[in-house]
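Colleague:
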Amino acid sequence: MKKIISLILVSFLSFSFIIVKAEDDFDSNRDYYIEMCSKPDSQKTNEEVATCNAFMKHMASQSSALNKQLLEIESKREEISSNIKVYAEKIRGYDSQISVLRKEINSLNNEISIKEDEIQLKEEEIVAQQEEIDALKEKLKERMVNSQKTMKINQYLDVIIGAKDFNDLIRRTNGINDILNYDQASLDQMAYLIEQLNIAKDALEVAKSELDSKKQDVVNKQNTLLVYRQEAETVRQEYLKKEAELEAEGNKIAGNLEAIKNTMTEIASKLVEIAASSGFARPVSGGRVSAGTWYYPASFGGGVHLGMDIAAPSGTNVVAVGNGVILKSADGCGAGYLGNTCGGNIGGSSGGGNQVYLLTNINGSLYAVKYLHLLAGTPIATGTIVSAGDRVGAIGTSGNSTGSHLHIEVFYLGSGTIANYAQNWNGDLAFGASWGYSALNRLCENGIGAPCRIKPESVFGG
Ligand SMILES: [Zn+2]
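Numbers given in the working numbering equal positions in the sequence shown, counted from 1, plus 32.
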């Protein structure tokens, strides 16, 4: 009995060992098993039939796991893009509030400069009136001094000259009965002028206080503007983070991977013939680097930016940077806008718009190059063999883009061959070099081996 038990135990252990070994084997020798299992059962040994059943089960479980993963990615992607829509709306809201405030501040500044002109005129008027009054006083004083004998009002002279306003003057001159009619007229005129002067001074005070309150208004509105700007900035940064997350999800698996594999298998013999190029060709002739790699400039929110942006007019040729094959091409997005996620829906990177992925051999090393935001209708087809300088598409502004530009990323993939890589590619649109913030851990410049991200500026120039 003991012997039988140990025999069963031994056969059970060795059986499960075979299965475990086969599971590993199924993945690394997939092509071998596909060929073996494609034979009719009549030509297989019993052992082969059992192995093929296990292989089929393994493949089925893998594909259902992959489908589940794709569904999860899809729902996460939807959640993130709806968040992004909210952020983009918030930013638009802040932008419009900021532009209303700017207009208000401009018109207040205009009013202030009009007020300031008005005040200056009033001040000049007051000076002139004051001069007129002084001249009149002087004239009156002279006359009074000259006709002291008849007028007998010398003692009142200073009293009259010192009058502050009309009522004061009347009060002060009431007692003087023997004043001459001629001088009475001058006194009346002086009284009138003093009254006008006081009115002008009051108006000046009102204008000055209005000016102060308008200036305070401008200060308040500028403070509000700053608050809005800061809030918009915070939202923008949050948005860029979400954007990176979305790109991460969008990058995981290229759509229609099976079709790509079939294409690459069909052109396998041509892939082998592609000659290595010497050096990187420029992807766009002319153009201007509008944003550099790894981070956006602080004015853009400073978020992670995994490629170089080259701004150029819509329709400008975008060319292959080396000899190779178009590993993946996606087309069908119209002109985009900030927050547009078009790209994922056509099997490419989310937000990347119309895109092309070139696999190339330069100086004996393997590279993948990602071209985003191309003009609709221009990306050349998956499986096209290209030479350095051949057109792969044209500059556009599809996907998450606010103006005509090319976003280009470069991946170093080691020393393998184009043919081998193309036929075994797993569909990862970041080629194993990660995306979003975690991509910053896979930069070739930090001594990370393949697959790693190359700063485009280092091969194309800033
Ligand atoms: Zn970019």
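Positions of the beta carbon are idealized from the N, C-alpha and C atoms, including for glycine.
With DSSP collapsed to three states, give me the class of Tyr389.
Modeller: Against the sequence shown, residue 389 aligns to sequence position 357. Tyr389: strand per DSSP, three-state reduction.
Colleague: For Ala343, which residues in the same chain have their Cβ closer than 7 Å to its Cβ, ignoring the five residues on either side in sequence?
Modeller: Within the sequence shown, residue 343 is the residue found at index 311, counting from 1. Closer than 7 Å at Cβ, skipping near neighbours: Gly319, Arg320, Ser322, Gly435, Ser436, His437.
Colleague: Does the region 243 to 255 come close enough to the region 134 to 153 that 3 or more CB-CB pairs lie under 8 Å?
Modeller: With a cut-off of 8 Å, the region 243 to 255 and the region 134 to 153 count as touching, because enough Cβ pairs lie within range.
Colleague: Is Cys476 helix, strand or coil by DSSP?
Modeller: The sequence position of residue 476 within the sequence shown is 444, counting from 1. In the structure shown, Cys476 sits in a helix (DSSP, three-state: H, G or I).
Colleague: So, is Asp363 buried or exposed, given that buried needs 16 or more other C-beta atoms within 10 angstroms?
Modeller: For the purposes of this step, residue 363 is taken as the residue at position 331 of the sequence shown. Counting Cβ neighbours within 10 Å, Asp363 comes out buried, since at least 16 surround it.
Colleague: Distance, Cα to Cα, Leu391 vs Thr295?
Modeller: The count along the sequence shown starts at 1 and reaches residue 391 at position 359. The count along the sequence shown starts at 1 and reaches residue 295 at position 263. Approximately 14 Å between the Cα atoms of the pair.
Colleague: At what residues does the alpha helix (DSSP H) containing Asn432 begin and finish?
Modeller: Residue 432 sits at position 400 when you count from the first residue of the sequence shown. Element bounds for Asn432: n/a, residue is neither H nor E.
Colleague: My output table needs one value for Ile37: the three-state DSSP class, helix, strand or coil.
Modeller: Locating residue 37 in the sequence shown gives position 5, counting from the first residue. Low confidence applies here, because Ile37 scores a pLDDT of 45, under 50, leaving its location unreliable and the question unanswered by this model.
Colleague: What residues does ligand 1 have around it, judged by CB closer than 6 Å to any heavy atom, in chain order?
Modeller: The set, ordered by position in the chain, is Ala323, His337, Gly339, Asp341, His439.
Colleague: Of all the options Thr373, Ala300, Phe492, which has the alpha carbon lying nearest to the alpha carbon of Ser430?
Modeller: For the purposes of this step, residue 430 is identified with residue 398 of the sequence shown, where counting begins at 1. Nearest C-alpha to Ser430: Thr373.
Colleague: To which residues does DSSP link Lys437 through a beta bridge?
Modeller: Within the sequence shown, the letter at position 405 stands for residue 437. Reading the sequence as shown, one finds His at residue 437 and not Lys. Ala343, Gly428, per the DSSP bridge assignment.
Colleague: Label Arg423 either buried or exposed according to how many other C-beta atoms from any shown protein chain fall within 10 Å of its C-beta, with 16 as the threshold for buried.
Modeller: Mapped onto the sequence shown, residue 423 falls at position 391. Label assigned to Arg423: exposed.
Colleague: Is the region 439 to 455 in contact with the region 384 to 403, if contact means three or more CB pairs nearer than 8 Å?
Modeller: Yes: at least three Cβ pairs fall under 8 Å.
Colleague: Excluding sequence positions up to five away, which residues of its chain have a Cβ less than 6 Å from the Cβ of Ala167?
Modeller: Numbered from 1 along the sequence shown, position 135 holds the residue referred to as residue 167. Nothing listed; no residue qualifies.
Colleague: Hey, Met340 and Glu489 are a contact pair by Cβ (cut 8 Å); roughly how many whole angstroms apart?
Modeller: One-based indexing of the sequence shown puts residue 340 at position 308. One-based indexing of the sequence shown puts residue 489 at position 457. With 8 Å as the limit, Met340 and Glu489 qualify as a contact, their Cβ atoms being about 6 Å apart.
Colleague: For Cys14, does the three-state DSSP call read helix, strand or coil?
Modeller: Nothing about residue 14 can be read from this structure; the chain reaches only from 33 to 494.
Colleague: I'd like the span of the beta strand (DSSP E) that includes Val353, first residue to last.
Modeller: Against the sequence shown, residue 353 aligns to sequence position 321. From DSSP, Val353 is part of no beta strand (DSSP E); its letter is neither H nor E.
Colleague: Near Ala239, what residues of its chain come up, given a Cβ to Cβ distance below 7 Å and the 5 sequence neighbours on each side ignored?
Modeller: Walking along the sequence shown from the start, residue 239 turns up at place 207. So the list reads Lys147, Glu150, Ile151, Lys154, once near-sequence residues are dropped.
Colleague: Quick check: the region 355 to 362 against the region 299 to 306, are at least 3 beta-carbon pairs closer than 8 Å?
Modeller: Contact between the region 299 to 306 and the region 355 to 362 is present, because at least three Cβ pairs lie under 8 Å.
Colleague: Which residues does DSSP pair with Gly376 in a beta bridge?
Modeller: On the sequence shown, residue 376 is found 344 positions in, with the first residue counted as 1. Looking at the DSSP assignment, Gly376 forms no beta bridge with any residue, so it has no partner.
Colleague: According to DSSP, is Phe312 part of a helix, a strand, or is it coil?
Modeller: In the sequence shown, counting from the first residue as 1, residue 312 sits at position 280. Of the three classes helix, strand and coil, the one that applies to Phe312 here is coil, per DSSP.
Colleague: Whole-angstrom Cβ separation of Tyr126 and Ala232, contact assumed at under 8 Å?
Modeller: Locating residue 126 in the sequence shown gives position 94, counting from the first residue. Locating residue 232 in the sequence shown gives position 200, counting from the first residue. At roughly 46 Å, the Cβ-Cβ gap does not stay under 8 Å, so Tyr126 and Ala232 are not in contact.
Colleague: Going straight from the alpha carbon of Trp519 to that of Val336, what length do you get?
Modeller: The first residue shown for the chain is 33 and the last is 494, placing residue 519 beyond what the model contains.
Colleague: Considering only the alpha carbon of each residue, which of Ala352, Ser381, Val353 lies closest to Thr365?
Modeller: Mapped onto the sequence shown, residue 365 falls at position 333. The amino acid occupying residue 365 in the given sequence is Cys; Thr does not appear at that position. Measuring from the Cα of Cys365, the nearest candidate turns out to be Ser381.
Colleague: Exposed or buried, which one is Ile66 when buried takes at least 16 other CB atoms within 10 Å?
Modeller: Position 34 of the sequence shown holds residue 66. Ile66 should be labelled exposed.
Colleague: Please list the terminal residues of the continuous alpha helix (DSSP H) segment that includes Tyr453.
Modeller: Locating residue 453 in the sequence shown gives position 421, where the first residue counts as 1. Segment 450 to 456, the alpha helix (DSSP H) holding Tyr453.
Colleague: Can you list, in chain order, the residues of its chain with a C-beta nearer than 6 Å to that of Leu338? Leave out the 5 residues immediately preceding and following it.
Modeller: Here residue 338 is taken as the residue at index 306 of the sequence shown, counted from 1. If we look at Leu338 and ignore the five residues flanking it on each side, its Cβ neighbours are Glu441, Ala471.
Colleague: Find the nearest neighbour of Ile306 within the set Glu136, Gly425, Gly415, judged by alpha-carbon distance.
Modeller: Indexing the sequence shown from 1 puts residue 306 at position 274. With distances taken between Cα atoms, Ile306 lies closest to Gly415.
Colleague: Tell me the rounded alpha-carbon separation between Val491 and Tyr119.
Modeller: Here residue 491 refers to the residue found at position 459 of the sequence shown. Here residue 119 refers to the residue found at position 87 of the sequence shown. The alpha-carbon atoms of Val491 and Tyr119 are separated by roughly 35 Å.
Colleague: Here's a check: name, in chain order, each residue in its chain whose Cβ is nearer than 8 Å to the Cβ of Tyr327, leaving out the five neighbours to either side.
Modeller: In the sequence shown, counting from the first residue as 1, residue 327 sits at position 295. Excluding residues within five positions, the ones whose Cβ falls inside 8 Å are Gly334, Gly335, Val336, His337.
Colleague: Under 7 Å Cβ to Cβ from Glu80, same chain only, skipping five residues before and after it: list those, please.
Modeller: On the sequence shown, position 48 is the one that residue 80 refers to. Contacts found: Met68.
Colleague: Mind checking Tyr64: buried by the 16 CB within 10 Å criterion, or exposed?
Modeller: Residue numbering aside, residue 64 sits at position 32 when the sequence shown is read from its first letter. With fewer than 16 Cβ atoms within 10 Å of its Cβ, Tyr64 is classed as exposed.
Colleague: Whole-angstrom Cβ separation of Ile144 and Lys253, contact assumed at under 8 Å?
Modeller: As a position in the sequence shown, residue 144 is number 112, starting the count at 1. As a position in the sequence shown, residue 253 is number 221, starting the count at 1. Not a contact, Cβ separation roughly 12 Å.
Colleague: According to DSSP, Trp326 sits in a beta bridge with which residue or residues?
Modeller: Residue 326 sits at position 294 when you count from the first residue of the sequence shown. Note: Trp326 sits in a beta bridge opposite His337.
Colleague: Ala367 bridges to which residues according to DSSP?
Modeller: Stepping through the sequence shown from its first residue, residue 367 is reached at position 335. Paired residue(s): Ser430.
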